[in-house]
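Participant: Please see the structure below; I have some questions.
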Amino acid sequence: LLPANLAYVIYTSGSTGWPKGVMIEHASFINLIYWYNRLLLLHPEDHILLIAPFGFDLAQKNIFSSLISGTRLCLPKSGHLNHLELADTIVKKKITIVNSAPSAFYPLLDTTINDGYKKLFSLKKVILGGEPIAINELLEWSKSEFYNGEVINSYGPTECSDVVSFYTVNNYEWETLKVIPLGVPVDNVRLYILDGHRRLVSLGLPGEIYISGACVARGYLNNPELTTEKFVADPFEPGARMYRTGDLGRWLPDGNIEFLGRGDDQVKIRGYRIEPGEI
């Protein structure tokens, strides 16, 4: 087994039923898992609730992080869409960590609002990713007496092993933040904001987000044309490649990246990519 061997192929959402198979190598996946374990300080007393289909790279991250840390991974009996059951599971299993798309987490808040979010008291870390976080959806929970942890915004495409940046929301920021930043790069990942000629833009100016480093996938399975289009040479690191996200962003003075939308018409619904032009 070598670091460059293929670890898995996960297909991105396909608007027309023809999704793209992303090839992730062992080195990229292991880099993600070790960063994730360090971020969450996982140990056997933690309990992770899996709120994602097994076909999501979000699920793979939690499954394998549990295996190498001894953390308990809890699987809902009736799937991930019954939020009444999920709320009860959080209480019964003393869940400490939830990782999901924001729109998959909001119904949990709706389900537990009547008792002041008491059922969510055990949560220490809530990692949300796949789409922008609506602060107003989390604000009331963050001010409740049973808010006992922190929210982490994670960002990254399937083509780059799921997560390439993160931002931890401090409790005092909920009232002041208008938009939760994408944050700073994870271990061994480089993020660039580039203009249309792939030149670095100045602080505060918008550009396209490019991703380089240990996270970058091998490419798309049996699709060399699209691989060549999306995975391009890194002009700042000889021999390296970077992935064109199509996302727009800018560097903030504090070193975080702010998400500014898409450079095309792509939208995300519950973490799934939708290309309106393909429909």
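Counted the way the working numbering counts, the sequence shown spans residues -19 to 259. Just so it is clear, CB atoms sit at the ideal spot from N, CA and C, and this is done for glycine as well.
1. Please report the distance separating the alpha-carbon of Pro33 from that of Val78.
2. Spatial neighbours of Leu162 within its chain, please: C-beta separation below 6 Å, excluding the five flanking residues on both sides.
3. Which class does Lys105 belong to by DSSP, given the choice of helix, strand or coil?
4. To the nearest angstrom, how far is the alpha carbon of Pro112 from that of Asn(-15)?
5. Mapping the DSSP letters down to three states, classify Asp175 as helix, strand or coil.
6. Which of the three DSSP states is assigned to Tyr14 in this structure?
7. For the segment 114 to 183, which segments carrying the beta strand (DSSP E) assignment without a break, of at least 3 residues, lie completely within its bounds, in sequence order?
8. When DSSP labels each residue in this structure, what does Tyr97 get in the three-state scheme?
9. Indicate the three-state DSSP secondary structure (helix, strand or coil) for Leu19 in the structure shown.
10. Any chance the CB of Tyr147 is under 7 Å from a heavy atom of the ligand SAH?
11. What is the DSSP secondary structure of Phe34, reduced to helix, strand or coil?
12. Only counting the same chain, and skipping five residues up and downstream in sequence, which positions put a Cβ closer than 6 Å to that of Pro186?
13. Quick check: the Cα distance between Gln40 and Leu183, rounded to an integer number of angstroms?
14. How far does the alpha helix (DSSP H) with Ser83 in it extend, from its first residue to its last?
15. Do the CB positions of Tyr152 and Tyr127 come within less than 8 Å of each other?
16. Going by DSSP, what residues sit across from Phe239 in a beta bridge?
17. For Pro165, count neighbouring C-beta atoms within 10 Å of its own C-beta (all shown protein chains included) and say buried if the count is 16 or more, exposed if not.
18. Are the beta-carbon atoms belonging to Thr148 and Glu130 less than 8 Å from one another?
19. Do you know whose CA, among Leu(-19), Leu(-18), Ile4 and Pro(-1), lies nearest Tyr(-12)'s CA?
20. Can you say whether Asn94 is buried or exposed, counting buried as having 16 or more other CB atoms within 10 angstroms of its CB?
21. From Val71 to Ala7, what does the alpha carbon distance come to, in whole angstroms?
22. What separation, rounded to the nearest whole angstrom, lies between the Cα atoms of Ile13 and Phe44?
23. According to DSSP, which residues form a beta bridge with Ser77?
24. Quick one: what does DSSP say Val71 is sitting in, helix, strand or coil?
25. Work out the CA separation of Asp37 and Ile10 for me, nearest whole Å.
Facilitator: In short:
1. 14 Å
2. Tyr135, Ser145, Ile237 and Phe239
3. strand
4. Rounded to whole angstroms, Pro112 to Asn(-15) spans 33 Å at the Cα level.
5. coil
6. The answer is helix: DSSP assigns Tyr14 an H, G or I state.
7. 130 to 135, 145 to 149 and 169 to 174
8. coil
9. helix
10. For the ligand SAH, the structure offers nothing, since it holds no ligand at all.
11. coil
12. Leu228, Arg230 and Leu240
13. 35 Å
14. Pro82 to Thr92
15. no
16. Gly229
17. buried
18. yes
19. Ile4
20. exposed
21. Near 36 Å, if we compare the C-alpha coordinates of Ala7 and Val71.
22. Ile13 and Phe44: Cα-Cα distance of roughly 7 Å.
23. Residue 77 is actually Ile in this sequence, not Ser. According to DSSP, Ile77 bridges with Ile28 and Lys105.
24. helix
25. Their Cα atoms are separated by approximately 13 Å.
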